[in-house]
Amino acid sequence: MPMFIRYFKFLSAATVAILFIGLPLNSYGAEDAYPFNYLNNGKGITLPEDTPPGTVLGRDFIDLTPICEDEFKAGHACVFKSISIRPKGYGTEVTSDGDIPTTVPGISLRLLFNGEKQGSLTSNQYPVSTFNRFIEAVLVKNGDEIQEGSLDSDLGGLSPLFYHRYYASICESSADKCMNIYLWNVKVKLIKRACILRNSFVVLPKAKLSDLGSEGATTGEVNFSLNFDCPAGYHHVFYSFRPIGNSTEVITGAKNGLLPASPESTTQGIAIQLLDAKTREPIRWGYGKDDIYPLDYDASRPGYTFVSLIARYYQKWSGATGGQIKAVTEILMNYD
């Protein structure tokens, strides 16, 4: 039986991996104002200076229930007749393609309705409707050079709710209820570079089908580590896994740690399983809070941080056949 070969490809966050910051957003306030706030701890957002354009810097979902509850209970879509966009959270409304300028150069705010970027909407335009309870708010790196600063309007420390300095206001049509969207107390800090993670290759030992034998059986364990080289200055560093290959084999939030085989693989019914070496729990895939792992990072002591993992063969079903197997995963880095 040919040797099973497992290749992991780890991509450097500074160049090719997607940077994703999922900081909590909360809706609260007066009846006519539902701000969302990227900061509950006041620490801000920390980013590498070389963050490429198009990178998602932060995202969360805004609950439409306060203005659409009756429609959703009746099983109807919530229809919006007006969406006002206010660049930088103040000034005169302008028609927008959906990228709302913020007070920090290099960062734009997007609102996504039904997954699509939404700009200004007036009463004489065709309304926007959704059956979804949530719209998505996304901070994105635009083409300008990014600078440090605050994403909220400069109000001398006063609440933007009092001065109505909102970035967007959305109004549903039937009851004329509106929701204002704010960025408040969001500080942006820059770091010279991202963490560096080198491409790695892990070769599993030669194995026989008889070493497996039944569904769920494993063999050929190999211990290896991810070596993160991180600079000082971040509050926290997180990492997550994104398998590359047949998307039908990857279930977001899956907890079995099974990587999809690369197209050149010739085995059937055999997978590579990835485990945390400390807990021996399978690695999770996905973009949820539970699928992102904290790195044991000390901002006062920059340098290498190691994450120990295990790779092994896993038999997915009976009747598996031999051959060669390869698999690839990306490592995504998240910072705050």
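Just so it is clear: in the sequence shown, position 21 is 21 by UniProt numbering, and no numbers are missing. Backbone N, C-alpha and C fix where the C-beta goes; we use that ideal spot for every residue, glycine too.
Check: Beta bridge counterpart(s) of residue 347 as assigned by DSSP; Outcome: Nothing can be reported for residue 347: it is not among the residues displayed for the chain, which extend from 1 to 336.
Check: Burial state of Ser240 (16 or more Cβ within 10 Å); Outcome: buried
Check: Beta-carbon gap between Asp152 and His235 smaller than 7 Å; Outcome: no
Check: Segment contact, 8 Å Cβ cut-off, at least three pairs: the region 304 to 316 with the region 266 to 279; Outcome: yes
Check: For Pro48, the first and last residue of its enclosing beta strand (DSSP E); Outcome: Ile45 to Pro48
Check: Whether Val56 touches Val188 by CB criterion (7 Å); Outcome: no
Check: Residue range of the unbroken alpha helix (DSSP H) whose run includes Thr329; Outcome: Here Thr329 belongs to no alpha helix (DSSP H); instead the beta strand (DSSP E) covers Val328 to Tyr335.
Check: Validate contact between the region 219 to 232 and the region 316 to 327 using beta carbons, cut 8 Å, 3 pairs; Outcome: no
Check: Coil, strand or helix - Pro52 by DSSP; Outcome: coil
Check: Per DSSP, the bridge partner or partners of Pro243; Outcome: Thr329
Check: Whole runs of the beta strand (DSSP E) within the region 256 to 312, excluding any shorter than 3 residues; Outcome: 270 to 276
Check: Member of Ile270, Lys255, Arg59 and Pro263 whose CA lies at the smallest distance from the CA of Glu281; Outcome: Lys255
Check: Under the three-state DSSP convention, the category Asp211 falls into; Outcome: helix
Check: Residue from Gly143, Ser169 and Asn227 with nearest C-alpha to Pro53; Outcome: Gly143
Check: Ile196 and Thr267 closer than 7 Å at C-beta; Outcome: no
Check: Residue of Ile331, Tyr166 and Ile62 minimising C-alpha distance to Ser225; Outcome: Ile331
Check: Closest residue to Glu116 among Lys206, Thr130 and Val104 (Cα-Cα distance); Outcome: Thr130
Check: Buried versus exposed call for Thr122 [16 or more other C-beta atoms within 10 Å across all chains shown]; Outcome: exposed
Check: Proximity test, Cβ basis, 7 Å: Asp144 and chain D; Outcome: No chain D is part of this structure, which consists of one protein chain only.
Check: Distance between Leu212 and residue 337 (C-alpha atoms, nearest Å); Outcome: Because the chain in this structure spans residues 1 to 336, residue 337 falls outside the shown range and cannot be described.
Check: Segment limits, alpha helix (DSSP H) that includes residue 343; Outcome: Because the chain in this structure spans residues 1 to 336, residue 343 falls outside the shown range and cannot be described.
Check: Residue burial classification, Val203 (beta-carbon count within 10 angstroms, cutoff 16); Outcome: exposed
Check: Rounded straight-line distance, which links the Cα of Asn223 to that of Lys316; Outcome: 21 Å
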